[in-house]
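S.K.: Numbering (numbering that gives the first Met the number 0), first residue to last: 0 to 444.
I'd like to ask some things about the structure below.
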Amino acid sequence: METARTNQTIELLQAMIRNRCVNEGTEASGQEIRNAELLASYLEGVGLDTEMYHAAPGRSTLAVKIAGTDPNAPSLCLNGHTDVVPVNADGWERDPFGGELVDGEVWGRGAVDMLNLTSSMAVAMRHFAETGFRPKGDLIFLAVADEESGSAYGARWMAEHHPELMATTYVLTENGGLHSGAPDNRNVTMRVGEKGVAWRRLTLRGTPGHGSMPFQSNNALVKAAGVVQRLADYRPAAKIHELWGNEVERMQLDEDHKSVLLDPTAIDEFLDNLPLGRGGPYLHACTHTTFSTNVVSSQTKTNVIPDTVTIDVDIRSMPGEGPDEIQAHLDEALGDLAAEVEVEALMNDRASISQTGTPLWDSLQRAINRPFPGLTMTPGLSVGFTDARVHRDLGSIAYGAGLMSPTLTAAEFGSRFHGHNERIDTESLALTTQLWIDTITDLMG
Ligand SMILES: [Zn+2]
Numbered sequence: 000m001e002t003a004r005t006n007q008t009i010e011l012l013q014a015m016i017r018n019r020c021v022n023e024g025t026e027a028s029g030q031e032i033r034n035a036e037l038l039a040s041y042l043e044g045v046g047l048d049t050e051m052y053h054a055a056p057g058r059s060t061l062a063v064k065i066a067g068t069d070p071n072a073p074s075l076c077l078n079g080h081t082d083v084v085p086v087n088a089d090g091w092e093r094d095p096f097g098g099e100l101v102d103g104e105v106w107g108r109g110a111v112d113m114l115n116l117t118s119s120m121a122v123a124m125r126h127f128a129e130t131g132f133r134p135k136g137d138l139i140f141l142a143v144a145d146e147e148s149g150s151a152y153g154a155r156w157m158a159e160h161h162p163e164l165m166a167t168t169y170v171l172t173e174n175g176g177l178h179s180g181a182p183d184n185r186n187v188t189m190r191v192g193e194k195g196v197a198w199r200r201l202t203l204r205g206t207p208g209h210g211s212m213p214f215q216s217n218n219a220l221v222k223a224a225g226v227v228q229r230l231a232d233y234r235p236a237a238k239i240h241e242l243w244g245n246e247v248e249r250m251q252l253d254e255d256h257k258s259v260l261l262d263p264t265a266i267d268e269f270l271d272n273l274p275l276g277r278g279g280p281y282l283h284a285c286t287h288t289t290f291s292t293n294v295v296s297s298q299t300k301t302n303v304i305p306d307t308v309t310i311d312v313d314i315r316s317m318p319g320e321g322p323d324e325i326q327a328h329l330d331e332a333l334g335d336l337a338a339e340v341e342v343e344a345l346m347n348d349r350a351s352i353s354q355t356g357t358p359l360w361d362s363l364q365r366a367i368n369r370p371f372p373g374l375t376m377t378p379g380l381s382v383g384f385t386d387a388r389v390h391r392d393l394g395s396i397a398y399g400a401g402l403m404s405p406t407l408t409a410a411e412f413g414s415r416f417h418g419h420n421e422r423i424d425t426e427s428l429a430l431t432t433q434l435w436i437d438t439i440t441d442l443m444g
């Protein structure tokens, strides 16, 4: 049975990868309807009722519900997104949309983010339907669009139009289940919180003129260059969150190194001196609000001095920081240039954290101990955003979960995330599929 189920997860994952629902941040991209329909036909095959919601043409979210027997019992939503980020195929050893199964690994964009989880969730739902499982509370599966560009055509749209499907007591979504720790003290991380997202568009203005006479010109692009440099140079103070303390505790480091990583006055110097390839970007992101200037837009005419330039800055905030704190960071970073910069907020989501010690947490722990007796589950903070934040806004307790094979390291997993050669081993697919089944049976059965 378990092998048959794993094969279903593998085949669904391959088919979803091949549908190449690439989200480029435009309304017309993604076209997640293809993955939503694929999953709908898979689930309708065992008599489940499916519902399709269209936030925009082709931007479709699938909902499947198994009604609970007790209207007062806690409900749970399995939330999986169906879109993927673009690829640069030149960096891949295999076709990023081939969905090939090679030496026990499924290759392709979405194999770890998060079509692997979405496909395993669908297989768990089908298992529950086939076995006639009657959960105490409502059990919902959402295959949502547009997670990768901020959820406007996915979870955010669903939260606005169908909060009854989103505001469940519990939510399981991406992503957790990586093993770490010393051989005699192994643990597995579940993401109980994530940093905030405060994308900003900065606009610089100048005076248009002919490119043949740049002397004393008021060139918006030259000003923008100064802004970009100051943001790159900006070093906000470290902030140590208690979830970071958990993560450091799990690391295989001596006590001196651990105390440096937990000391906001010492960590920056340590990170400055850390050799490349030793996880510096991640360690820094866990302990700082970060600023990444990723898009600059100007005119495209080579002989015209630009009068308007915009810079999109990807800002990820530490817990406790809102729009006022973000503006204070920008003012400090830009100094005397701040007066020249118009700031527009593109995203304003604060960091969100769910408590542990819930019945869902305990059920997850028991489910993990079936394949891995003695393995301890620890809560972590995600530096990226997921749909969990949208559910948390509605009051849900949301965890980024999953269960990977013990050989898959956090560094290797991280390099595949939005990276080249994204792939997942079939043992991780089997473990995660079983995790949903065992957790939900334990919690809601
Ligand atoms: Zn994702």
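Every residue, glycine too, gets a C-beta built ideally from N, C-alpha and C.
Per DSSP, Glu341 is paired with what?
M.R.: Your numbering for residue 341 matches position 342 in the sequence shown. Per DSSP, Thr202.
S.K.: Have a look at Leu270 and Tyr281 and give me their C-alpha separation to the nearest angstrom.
M.R.: Here residue 270 refers to the residue found at position 271 when the sequence shown is read from its first residue. Here residue 281 refers to the residue found at position 282 when the sequence shown is read from its first residue. Each residue's alpha carbon lies about 10 Å from the other.
S.K.: Can you tell me whether Ala348 is buried or exposed, with buried defined as 16 or more other CB within 10 angstroms of its CB?
M.R.: Locating residue 348 in the sequence shown gives position 349, where the first residue counts as 1. Reading off the sequence shown, one finds Asp at residue 348, where the question assumed Ala. That one is buried.
S.K.: Mapping the DSSP letters down to three states, classify Lys64 as helix, strand or coil.
M.R.: For this step, residue 64 is matched to residue 65 along the sequence shown. Lys64 falls in the strand class under three-state DSSP.
S.K.: Does the Cβ-Cβ distance between Ala154 and Asn71 come in under 9 Å?
M.R.: Here residue 154 is taken as the residue at index 155 of the sequence shown, counted from 1. Here residue 71 is taken as the residue at index 72 of the sequence shown, counted from 1. No; because the gap between Cβ atoms is not below 9 Å, this pair is not in contact.
S.K.: Could you please go through the chain and list the residues whose beta-carbon is closer than 5 Å to any non-hydrogen atom of ligand 1?
M.R.: Counting every residue whose Cβ lies closer than 5 Å to a heavy atom of ligand 1, we get Asp112, Met113, Glu173.
S.K.: Taking the runs of the beta strand (DSSP E) that are 3 residues or longer, which of them lie wholly in the region 65-114?
M.R.: Here the runs fully enclosed are 75-80, 104-106.
S.K.: Just verifying my parser: in three-state terms, what is the DSSP assignment at Val259?
M.R.: Within the sequence shown, numbered from 1, the residue matching residue 259 stands at position 260. Helix at Val259.
S.K.: Where in the region 377-426 do unbroken runs of the alpha helix (DSSP H), each at least 4 residues long, occur, reported from the N-terminal end onward?
M.R.: Complete alpha helix (DSSP H) runs here, min 4: 387-392, 409-415.
S.K.: Roughly how many whole angstroms lie between the Cα atoms of Thr8 and His178?
M.R.: Against the sequence shown, residue 8 aligns to sequence position 9. Against the sequence shown, residue 178 aligns to sequence position 179. Going from the Cα of Thr8 to the Cα of His178 covers about 21 Å.
S.K.: If you run the structure through DSSP and keep just helix, strand and coil, what is His328?
M.R.: Within the sequence shown, the letter at position 329 stands for residue 328. Residue state, collapsed to three classes: helix.
S.K.: To the nearest angstrom, how far is the alpha carbon of Ala332 from that of Arg93?
M.R.: One-based indexing of the sequence shown puts residue 332 at position 333. One-based indexing of the sequence shown puts residue 93 at position 94. Spanning the two alpha carbons is a distance of roughly 42 Å.
S.K.: Taking the beta strand (DSSP E) that Phe132 falls in, what are its first and last residues?
M.R.: Within the sequence shown, numbered from 1, the residue matching residue 132 stands at position 133. Per DSSP, Phe132 belongs to no beta strand (DSSP E) and is neither H nor E.
S.K.: Rounded to whole angstroms, what is the Cα-Cα separation between Trp156 and Leu393?
M.R.: Against the sequence shown, residue 156 aligns to sequence position 157. Against the sequence shown, residue 393 aligns to sequence position 394. The alpha-carbon atoms of Trp156 and Leu393 are separated by roughly 13 Å.
S.K.: Is Arg17 closer than 9 Å to Ala445 when the C-beta atoms are compared?
M.R.: What is shown of the chain runs 0 to 444, which leaves residue 445 out entirely.
S.K.: Need the endpoints of the alpha helix (DSSP H) that Arg365 sits in, please.
M.R.: As a working mapping, residue 365 is identified with position 366 in the sequence shown. First-last of the alpha helix (DSSP H) with Arg365: 358-368.
S.K.: Does DSSP put Gly373 in a helix, a strand or coil?
M.R.: Here residue 373 corresponds to residue number 374 of the sequence shown, with the count starting at 1. The answer is coil: DSSP assigns Gly373 none of H, G, I, E or B.
S.K.: Quick one: grab the DSSP three-state call for His431.
M.R.: Locating residue 431 in the sequence shown gives position 432, counting from the first residue. His is not the amino acid found at residue 431; the sequence shown has Thr there. Of the three classes helix, strand and coil, the one that applies to Thr431 here is helix, per DSSP.
S.K.: In terms of residue numbering, what span does the alpha helix (DSSP H) encompassing Ser316 cover?
M.R.: Residue mapping note: residue 316 aligns to position 317 of the sequence shown, counting from 1. Element bounds for Ser316: not the alpha helix (DSSP H) but the beta strand (DSSP E), 307-316.
S.K.: Are the Cβ atoms of Ile436 and Phe127 separated by less than 9 Å?
M.R.: As a working mapping, residue 436 is identified with position 437 in the sequence shown. As a working mapping, residue 127 is identified with position 128 in the sequence shown. Yes. Within cutoff.
S.K.: Using alpha carbons as the reference points, say which of Val83, Gly176, Gln30, Leu75 lies closest to Gly57.
M.R.: What you label residue 57 is simply residue 58 of the sequence shown in a count that begins at 1. When each option's Cα is compared against that of Gly57, the closest is Gln30.
S.K.: What three-state label does DSSP hand Ile304 in the structure shown?
M.R.: Looking up residue 304 in the sequence shown gives position 305. If DSSP states are grouped into helix, strand and coil, Ile304 belongs with the strands.
S.K.: Where do the N-terminal and C-terminal ends of the alpha helix (DSSP H) with Tyr41 fall, by residue?
M.R.: As a working mapping, residue 41 is identified with position 42 in the sequence shown. Looking at the DSSP string, the run of the alpha helix (DSSP H) that includes Tyr41 is 32-43.
S.K.: Below 9 Å between beta carbons: does that hold for Leu428 and Leu38?
M.R.: Indexing the sequence shown from 1 puts residue 428 at position 429. Indexing the sequence shown from 1 puts residue 38 at position 39. No, Cβ-Cβ distance for Leu428 and Leu38 is not below 9 Å.
S.K.: Do you know how far the Cα of Glu43 is from the Cα of Thr49?
M.R.: In the sequence shown, residue 49 corresponds to position 50, counting from 1. In the sequence shown, residue 43 corresponds to position 44, counting from 1. Their backbone Cα atoms lie some 7 Å apart in a straight line.
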